[in-house]
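These notes are about the structure you will find just below.
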Amino acid sequence: MRPNNTQSTPHLLLANEAIAQAALNAGISGAYAYPGTPSTEILEYIQRAPEASARKVHREWSVNEKTAMEEALGMSFAGRRALVAMKHVGLNVAADPFMNAAVTGVNGGLVVVVADDPSMHSSQNEQDSRFYAQFARVPLFEPSNQQEAYELTRQAFDISEELRVPIVVRITTRLAHSRADVTPASPCSPAPRPLPTDARQYVLIPVNARRNYEALLDKQPRMQELAETAGHNEVLDAADTSLGIVACGIGMNYLRECYPDTPCPHPVLKIVQYPAPRQLLAQLTARCRKVLVLEDGYPFVEELLRGVIAPADHAICGRLDGTLPRSGELSPESVSRALGFPPAPAVEPPACVRPRPPVLCAGCPHIDSFVFIKEVMAAHPQGRVFSDIGCYALGALPPFEAICSCVDMGASITMAKGAADAGLHPSLAVIGDSTFTHSGLTGLLDAIHENAAITVLILDNGTTGMTGGQTSIGTGRLAEMVIGLGVAPAHVRNAIPLKKQHAENMAMLREEIAHPGVSVIIARRDCIQTARKG
Amino acid sequence: MTYDILIAGVGGQGILSIATVLGRAVLQTGLHLKQSEVHGMAQRGGSVQSHLRVSDAPVWSDLIPRGQADMILSMEPMEALRYLPWLKPEGWIIANQTPIQNMTGYPPVAEVWDAIRRQRHHLLFDAQQLAQQNQLPRAVNMALLGAASPFLPLPVSALEDAIAAQFHRKGQTTVDANQVVFRAGRALAQQP
């Protein structure tokens, strides 16, 4: 049975929620984020938390991850603790301020939570954010369970203020969206720190940047020392040194699952803190000639161990030699097989089971939009419809098969423009209202500046839909925005995506395709899910 | 003692409510648990699942290993079969028989039902009708949970308390109505 801890009651929390609770208990003054699976629940938890409301913690959605990161840096500059949260590809958007926050350094503790998505359950790729922390030369925590997600996030704020750099907390989908009981520690209320006294610190003109960068390099030995000695990375010793196991983050859970009743007979190095603990790794590889690396994501530690000159007297097993699948998340089965346990007898689902892919909800406005777009484009086999990230990306699947691209936030407009520059016509872009304010404005400005022959359809359903209906900052104001950017008012059109408007919408789209410059059609109707919730 | 339940259905059917009620009941009983969910893209009318793992010792993997689930609890019949690779040979399938056919190529429903009935331990019933008969057509998930309850290592009082906590904000009438459906599902499962 669970120990009955009367000091503090446990809560059944997602790792996302544990991280959010830890940030609140660490006394943050603000949380900044843009919705993105599997990280969305972090800010949502803070938005619902009574203590966040009582302490007036900033908890509004930002326009995108870059603005979120910069806002958090601003709060840190002002001496207060801040949290910023995003999915893995969101860190690509926030990379500029992230990399440079390591160079400026921070004032109030700044923790950057990134939720990676191995197996791409809801993403375009499965990039591994541990590379970003290494790239920026800052520490990273990767908890192995929900309780650690809480504790390491609390620690991260302290370390951020000790080292004066942003600290990354990295989780993956399976942990982000899994609940377990978490016992929080007592909250603290850190006093605000004074404003930075050195006027040069945050001004990264080369003369200052070079000095700051040297200071960042000077902090590296302390970061390495913490990873080796702070105690979060630990060696679980055992007698059978025919194999040594390096278990990173959630990999530790799958390892323990394989030995339910007895401890693992092989020495294990558990890694939850980076930079990778080279000394602890060297000690393990000195004792064990064969090493298995369990990590959820890229073979980051595995590649580090292999290095350039692969040691002839070691066997390093993991994703790169086929012991584990090269891509996709870890699973209890793949780890069990890697350890040499016999697989469970294979049972297949019966033949009658068919795939059930996600579909647009019945009544979704995007359905009506795709129906009229597709019918108009049938007359233009040489044209293309570039699209973007959101529920409307499902326009790629049957019965619509209406779009030809979905690459990254905002790429619909810019790819349409680039294709138009190459002579492709008609060149359409389909983008949602939240994605448009996230990263569409700048691309549209490029198109306006050059009077590109593109037709942009903004599907304004009043929300950020795919992630569960969060606030969309520009909804309802898009016409003014695009006119303000410089699209000719005669070519900013309003459509209502409904069956009865089908003929009118088709005529509108044909007219704007015929216009040899920038056109924007705003197709406005509320998301059916939001409409239902009322 | 361990008990692993794979909860399945189609996005929008409320499987997370089942998981939440179960989670509360487990916590009240003082057992350890882990409960995983699916969010985002997969929710859009696609196949969704939640893994719920209960134990008197700490639980490690958030996912149920293949071949280890004690129960598949499914709101939709074809979805129940999708997760057969996770079920123990002597495990139970408890499924609502009403198909959700929001896709091309849904098989003839009789084939799906036959495949379920070929499993050694199964309970296939019309949870939708049961909920309707008990005045709360929306509570299909509570009917299903009720049917699962005799098999779970949880006192029924913990489950009923958890239902009360789940619907507390909607008022006592809603709590009572959901509990009625839950009990109807339980009674059905307890029939010889």
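Protein sequence lines correspond, in order, to chains A and B.
The opening position of the first sequence corresponds to residue 1 in the working numbering, with each subsequent residue numbered one higher.
The opening position of the second sequence corresponds to residue 1001 in the working numbering, with each subsequent residue numbered one higher.
Just so you know, even glycine gets a beta-carbon here, dropped at the ideal spot from N, CA and C.
For clarity, every value in this text was computed on a predicted model and none was experimentally measured.
| Asked | Found |
| --- | --- |
| Reduced DSSP secondary structure (H/G/I, E/B, other) of TYR32(A) | strand |
| Contact set between the stretch 1024-1039 of chain B and chain A, restricted to residues whose Cβ is under 8 Å from the partner | ARG1024, LEU1027, GLY1030, LEU1031, HIS1032, LEU1033, LYS1034, GLN1035, SER1036, GLU1037, VAL1038 and HIS1039 |
| Under 7 Å (Cβ pairs) to chain B, residues found in the stretch 251-280 of chain A | ASN253, TYR254, ARG256 and GLU257 |
| Per-residue burial, MET1001(B) [other beta carbons within 10 Å of its own, 16 or more giving buried] | exposed |
| Rounded distance between the beta-carbons of ILE171(A) and ALA115(A), thought under 8 Å | 5 Å |
| Where ASP1062(B) meets chain A, residues with beta-carbon distance less than 7 Å | ARG174, LEU175, SER178 and ASN253 |
| MET506(A) beta carbon less than 8 Å from that of GLU375(A) | yes |
| Contact with chain A by VAL1156(B), beta-carbon distance below 8 Å | no |
| Residues within the stretch 386-398 of chain A neighbouring chain B, beta-carbon criterion of under 8 Å | CYS391, LEU394 and PRO398 |
| Near-chain B residues of the stretch 332-347 of chain A - C-beta to any C-beta below 9 Å | PRO332, GLU333, VAL335, SER336, PRO343, ALA344, PRO345, ALA346 and VAL347 |
| Length at least 3, wholly inside the stretch 485-516 of chain A: the beta strand (DSSP E) runs in chain order | 492-495 |
| Local conformation of ASP237(A) per DSSP, three classes | coil |
| Continuous beta strand (DSSP E) assignments of at least 3 residues falling wholly in the stretch 306-369 of chain A | 315-317 |
| Collapsed DSSP secondary structure at ILE521(A) in the structure displayed | strand |
| Chain A residues whose Cβ lies nearer than 9 Å to that of PRO1103(B) | Reading off the sequence shown, one finds Met at residue 1103(B), where the question assumed Pro. Here the neighbours are ARG354, PRO355, ARG356, PRO357 and VAL359. |
| Any C-beta of chain A under 8 Å from that of SER1149(B) | no |
| Simplified DSSP state of PRO1237(B), which is helix, strand or coil | With chain B running from 1001 to 1192 in the structure shown, residue 1237(B) is simply not present. |
| Contacts that PRO221(A) makes with chain B (C-beta to C-beta distance below 7 Å) | Result: empty, since nearest Cβ-Cβ is about 35 Å, beyond 7 Å. |
| Boundaries of the alpha helix (DSSP H) in which GLN47(A) is found, first to last residue | 41-48 |
| Residues that DSSP places opposite ASN92(A) in a beta bridge | DSSP lists no partner for ASN92(A). |
| Beta-carbon proximity check, GLY383(A) vs HIS425(A), cutoff 8 Å | yes |
| Residue-chain proximity (GLY1045(B), chain A), Cβ-Cβ < 8 Å | yes |
| Meets three-Cβ-pair contact criterion under 8 Å: the stretch 410-421 of chain A and the stretch 441-448 of chain A | yes |
| Separation of VAL1054(B) from PRO1150(B), as counted between CA atoms | 15 Å |
| Inter-residue Cα distance where the pair is ASP1004(B) and GLY363(A) | 37 Å |
| Euclidean distance between Cα positions of ALA49(A) and GLN147(A) | 19 Å |
| Best match in ALA346(A), CYS317(A), SER331(A) and HIS438(A) for proximity to TRP1060(B) [C-alpha to C-alpha] | SER331(A) |
| Cβ separation of TRP61(A) and LEU83(A), assumed to be a contact under 8 Å, to the nearest whole Å | Their Cβ separation, rounded to whole angstroms, is 14 Å, which puts TRP61(A) and LEU83(A) out of contact at 8 Å. |
| Cβ neighbours of ALA315(A) in the same chain (closer than 6 Å, five flanking residues each side left out) | LYS290 |
| ALA230(A) versus ARG211(A), LEU280(A) and PRO190(A), residue with shortest Cα-Cα distance | LEU280(A) |
| Cross-chain neighbours of ASP181(A) in chain B, by beta carbon under 8 Å | LEU1027, HIS1032 and LEU1033 |
| Residues within the stretch 113-142 of chain A neighbouring chain B, beta-carbon criterion of under 8 Å | HIS121 and SER122 |
| Close-in-space but distant-in-sequence residues of the same chain around PRO3(A) (CB under 8 Å, 5 per side omitted) | Confidence in PRO3(A) is poor, its pLDDT being 48 and thus under 50, which makes the residue's placement unreliable; the coordinate value appears in the next sentence. No residues qualify anywhere along the chain. |
| Reduced DSSP secondary structure (H/G/I, E/B, other) of TYR975(B) | Within the shown structure, residues of chain B are numbered from 1001 to 1192, placing residue 975(B) beyond reach of any answer. |
| Alpha carbon of GLN1013(B) to alpha carbon of GLY1046(B), nearest angstrom | 10 Å |
| Short CB-CB distance (under 8 Å) between ASN5(A) and chain B | Only weak support is given to the placement of ASN5(A): the predicted model assigns it a pLDDT of 41, under 50, and the value that follows is read from those uncertain coordinates. So, not an interface residue. |
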